[in-house]
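Chains A and B, in that order, give the protein sequences.
Start counting the first sequence at 1; every next residue gets the next number (the working numbering).
Start counting the second sequence at 329; every next residue gets the next number (the working numbering).
First the structure, in the form of structure tokens, and then the observations on it.
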Amino acid sequence: MKKTLPLLLTFFVGVVGAMGYFVPAGGMTKLSSTLNDFGIIIAAVAFVLGGINIVQVNIPIVVRRRPDWGYKLVMLLSAVAVLLVGFRLHEFWSPAEKGTVSVSPVSDMLVGTPEAADTAIIVVDGGPRDLLVKIDGKTVLDPARPGEPARMPIRARVRVEKDAAGNVIPHVVNVSDTARTTPPRYDEYEVSISLVAGGEATVKPHLTYLLGPEGQPYLWLFNYIFAPCNATMFALLAFFITSAAFRAFRLRNVESGLLLGAAMLVMMGTIPLGAELSQTWLYRLQEWILSVPTVAGRRAIMMGAALGAVAIGLRVILGLERSHLGGD
Amino acid sequence: MSATPANAAPRGIMERLRTMDRRWLFLCMGLAIVLPIFFPIGLPALPGDATVDTYDAVASIKDGSRVFMSIDFDPASRPELEPFAKSVLVQLKRKRCKIVIVSLWEYAPPLINGYVRSILQAPLNPGGPPDDPLNKIYERKTDFIFLGFKSGKQAVINTLGQSLPTAYPTTQEGEPVGTIPIMEGIRSVQDFKDSGILILISAGFPGAKEYVELLSRYELPIVVSTTAVSRTDLQPFYSSGQLKGLVAGMQGAAEYEQLVNPPGEQLGKKGLDVLNIGTLVIILAIVLGNLIYLAERRQQKRAQSGGAS
Chain A
1 MKKTLPLLLT FFVGVVGAMG YFVPAGGMTK LSSTLNDFGI IIAAVAFVLG
51 GINIVQVNIP IVVRRRPDWG YKLVMLLSAV AVLLVGFRLH EFWSPAEKGT
101 VSVSPVSDML VGTPEAADTA IIVVDGGPRD LLVKIDGKTV LDPARPGEPA
151 RMPIRARVRV EKDAAGNVIP HVVNVSDTAR TTPPRYDEYE VSISLVAGGE
201 ATVKPHLTYL LGPEGQPYLW LFNYIFAPCN ATMFALLAFF ITSAAFRAFR
251 LRNVESGLLL GAAMLVMMGT IPLGAELSQT WLYRLQEWIL SVPTVAGRRA
301 IMMGAALGAV AIGLRVILGL ERSHLGGD
Chain B
329 MSATPANAAP RGIMERLRTM DRRWLFLCMG LAIVLPIFFP IGLPALPGDA
379 TVDTYDAVAS IKDGSRVFMS IDFDPASRPE LEPFAKSVLV QLKRKRCKIV
429 IVSLWEYAPP LINGYVRSIL QAPLNPGGPP DDPLNKIYER KTDFIFLGFK
479 SGKQAVINTL GQSLPTAYPT TQEGEPVGTI PIMEGIRSVQ DFKDSGILIL
529 ISAGFPGAKE YVELLSRYEL PIVVSTTAVS RTDLQPFYSS GQLKGLVAGM
579 QGAAEYEQLV NPPGEQLGKK GLDVLNIGTL VIILAIVLGN LIYLAERRQQ
629 KRAQSGGAS
């Protein structure tokens with residue numbers, strides 16, 4: 001049973017998967033599509049399994065101080081760090097109340113001034129000094145603007161106006177991250193305040209620091225650690241290729257001569273310098289090499305590989321090839 | 329530094345080159361890469377047929393069409409593929425196209441989000457008229473949507489061909505994909521056949537090759553930008569007409585950039601100088617290596633014939 005059931009499952013999945021292409025009847029297409037969805041889910045689960053496997057394999061090496069344990073430790077710590085900053089953790093600790101607004105009918109700044117008849121004060125206080133503050137759509141603090149120093153709190157005088165029905169038109173205060181940082185570090189805070197003339201409102205925004213794939217910590221790790229390391233590993237190829245070209249790419253016989261000649265022509269023809277020097281005939285020649293003999297060879301390899309894949313697939317479906325079951 | 333023994337025979341130039349420290353070669357390659365960045369040559373790229381076909385295929389779609397893009401590369405392939413990615417997004421923006429983006433590579437989303445912010449959600453011609461399509465700020469869900477990374481490789485591609493909402497049931501924020509305006513009437517990638525085009529930017533597996541193998545039965549209009557090393561994998565599909573266009577490597581990306589002429593810094597053009605000089609260094613290394621090899625062989629033959637006589 002331990003072997004029969006997996007073999008039957010393999011047969012079923014293989015036959016349905018193949019029939020999905022050749023039998024366009026509704027039921028078969030749907031069944032094949034469902035199995036395909038299983039594949040997507042299993043692939044996602046494999047990421048979790050991979051993570052668990054990395055921990056299982058590497059923690060004993062670190063604990064027992066086996067060779068290269070330091071590298072394993074760095075890898076595990078990096079994995080944990082990326083995992084943590086990759087989660088949208090802010091959604092869990094983000095408070096329901098994102099800020100406070102306290103309104104006072106009398107402003108100390110306006111007492112005794114003629115402006116008190118039609119003006120009010122809005123004070124925005126709290127949070128980092130480099131936030132972008134807008135009142136009624138107008139920017140009152142933009143640290144990204146040249147020459148404007150970051151400062152907090154900010155005090156703004158606003159005109160108190162009433163609509164036709166005599167109701168005070170509320171002022172909209174919007175506090176967000178400065179445009180200097182994209183994507184923003186903090187979520188946005190917006191509040192609508194109704195003020196009487198001569199009054200004052202103090203807005204204390206509580207901005208949540210954003211985490212997750214669009215958060216700054218994750219992007220910092222990606223842009224300043226992962227991307228340069230990844231690009232460096234790839235860029236090293238240029239040096240290896242140069243060294244290999246010097247030491248190994250030799251004119252030993254006719255076959256290697258043909259390979260060498262074709263490689264030189266393609267390389268020279270590909271770069272604009274070669275095309276410029278040869279009045280484009282070299283470019284045409286390398287295009288011909290890539291589009292005719294290379295395609296012919298590539299097609300033969302692809303077709304051969306496809307036929308091989310069909311043969312292996314049939315062997316797996318029919319249970320003749322059982323290496324995927326872990327046995328011989 | 330080792331001292332040469334007084335009785336040792338003076339070494340010939342070929343012998344010196346043969347035993348040369350390979351770090352000299354690395355230095356030459358390093359200079360070939362770094363110097364053109366600071367002192368650009370600026371040779372124009374001659375757009376090849378495959379690149380021009382790609383440009384024409386994108387240019388021929390109707391203004392305002394919906395376009396499907398799969399961006400599958402990582403920072404290692406960025407120099408080769410980013411100039412195309414940026415240029416084609418600018419081209420699509422000029423045509424006011426609506427764009428649906430997916431990715432099968434887990435390292436691609438931060439790069440894609442960067443392109444979205446710097447191209448789709450930014451005015452590209454600030455001094456120009458407000459109705460310039462380049463100045464339009466694309467609205468998420470209405471003008472574009474990036475559905476994120478999905479694991480599953482070929483299984484995802486297969487499902488995209490049958491049902492896009494099955495492959496991507498929700499957006500990254502959790503909204504059902506079927507309910508967002510840009511996806512109205514879209515059931516699978518087959519629905520992009522008449523309205524637009526499929527643009528694949530692919531650095532390897534899973535990527536354009538798998539898309540073509542699994543989706544070409546739907547006869548979709550596909551164009552591809554790929555790395556130079558993947559060109560031979562995809563050239564048969566271009567030759568057979570399964571691909572409407574193929575942009576290969578940094579060279580192809582620079583050619584495409586030249587055709588689109590996007591505003592701002594042109595990375596492909598900059599990279600082309602590095603490619604020019606770097607390739608020349610490799611060619612010189614091959615020539616030099618072979619000269620040494622031939623001289624050695626002649627010496628060996630002489631020694632053999634001398635010994636025989």
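All residues carry an ideal CB built from backbone N, CA and C; glycine is no exception.
Query: So, with DSSP's three-state summary, where would you put Ala201 (chain A)?; Result: strand
Query: CA-CA distance, Ser446 (chain B) and Ala231 (chain A)?; Result: 21 Å
Query: Which residues mark the beginning and the end of the beta strand (DSSP E) in which Asp177 (chain A) is found?; Result: His171 to Asp177
Query: For chain A, find out if any of its Cβ atoms is closer than 7 Å to the Cβ of Asp402 (chain B); answer yes or no.; Result: yes
Query: So Lys481 (chain B) contacts chain A; which residues on that side make the cut at Cβ distance below 8 Å?; Result: Ala43
Query: Helix, strand or coil: how does DSSP classify Tyr186 (chain A) here?; Result: strand
Query: Among residues of its own chain, excluding the 5 on either side of Leu132 (chain A), which ones have a beta-carbon nearer than 6 Å to its beta-carbon?; Result: Asp142, Ser176 and Thr178
Query: Name the two residues that bound the continuous alpha helix (DSSP H) containing Phe239 (chain A).; Result: Ala227 to Arg247
Query: Less than 7 Å between CB atoms is the rule here; does Ser567 (chain B) satisfy it with respect to chain A?; Result: yes
Query: Are the C-beta atoms of Ala623 (chain B) and some chain A residue less than 7 Å apart?; Result: no
Query: So that I know if they touch, is there some Cβ in chain B lying closer than 7 Å to that of Asn53 (chain A)?; Result: no
Query: Listing by chain order, which chain A residues have their CB less than 9 Å from the CB of Ala373 (chain B)?; Result: Pro272 and Ala275
Query: Between the C-alpha atoms of Gly340 (chain B) and Leu622 (chain B), what's the straight-line distance to the nearest angstrom?; Result: 14 Å
Query: Please name the residue in B:Gln570, B:Gly569, B:Ile614 and B:Lys414 whose C-alpha comes closest to that of Glu583 (chain B).; Result: B:Lys414
Query: Relative to the ligand GDP, is the shortest distance from any of its heavy atoms to the C-beta of Leu131 (chain A) smaller than 6 Å?; Result: The ligand content of the structure shown is nil, which means the ligand GDP is not present either.
Query: Against chain A, does Arg422 (chain B) count as a neighbour if the rule is that its beta carbon must be under 7 Å from one of theirs?; Result: no
Query: At a Cβ threshold of 7 Å, is Ala613 (chain B) touching chain A?; Result: yes
Query: Smallest Cα separation from Tyr21 (chain A): which of B:Tyr546, B:Ile620 and B:Leu417?; Result: B:Tyr546
Query: Determine the extent of the beta strand (DSSP E) in which Met397 (chain B) is found, giving its start and end residues.; Result: Arg394 to Asp400
Query: Got a sec? Which residues, its chain only, sit under 8 Å from Val158 (chain A) by beta carbon, not counting five neighbours each side?; Result: Thr119, Ala120, Ile121, Ile122, Ile135, Asp136, His171 and Leu195
Query: If I measure Cβ to Cβ from Pro375 (chain B) and keep anything under 8 Å in the same chain, skipping five residues before and after, which residues do I get?; Result: Tyr383, Glu583, Tyr584, Gln586 and Leu587
Query: Counting only runs that start and end within the stretch 550-623 of chain B, where is the beta strand (DSSP E) found for 3 or more residues in a row?; Result: 550-554 and 573-576
Query: Is there a Cβ from chain B that is less than 7 Å from the Cβ of Ile317 (chain A)?; Result: no
Query: Less than 7 Å between CB atoms is the rule here; does Pro564 (chain B) satisfy it with respect to chain A?; Result: yes
Query: Residues in the stretch 350-362 of chain B with C-beta within 7 Å of chain A's C-beta atoms, listed in sequence order?; Result: Arg350, Leu353, Phe354, Met357 and Ile361
Query: Within its chain, find whatever has a CB closer than 6 Å to the CB of Ser544 (chain B); leave out the 5 residues flanking it on each side and keep chain order.; Result: Gln570
Query: When the distance is taken between beta carbons, is Leu7 (chain A) closer than 7 Å to Gly313 (chain A)?; Result: no
Query: Mind checking which residues open and close the alpha helix (DSSP H) that includes Val45 (chain A)?; Result: Gly26 to Val63
Query: I need the DSSP call for Lys72 (chain A), collapsed to helix, strand or coil.; Result: helix
Query: Can you grab the Cα-Cα spacing for the pair Met152 (chain A) / Lys204 (chain A), in whole Å?; Result: 11 Å
Query: Decide if the stretch 461-469 of chain B is in contact with the stretch 16-30 of chain A; the criterion is three or more beta carbon pairs, one per stretch, under 8 Å apart.; Result: no
Query: Please work out which residues of its chain come closer than 7 Å, Cβ to Cβ, to Leu353 (chain B), disregarding the five sequence neighbours upstream and downstream, and give them in chain order.; Result: Ala613
Query: Taking the beta strand (DSSP E) that Phe366 (chain B) belongs to, which residues open and close that run?; Result: Phe366 (chain B) -> not in any beta strand (DSSP E); alpha helix (DSSP H) instead, spanning Arg350 to Phe366.
Query: Check the Cβ-Cβ distances between Ala18 (chain A) and every residue of chain B, and say whether any is below 7 Å.; Result: no
Query: At what residues does the alpha helix (DSSP H) containing Val310 (chain A) begin and finish?; Result: Pro293 to Ile317
Query: For Met342 (chain B), I'd like the list of residues in its chain whose CB is within less than 6 Å of its CB, leaving aside the five on either flank, ordered along the chain.; Result: Ile620 and Ala623
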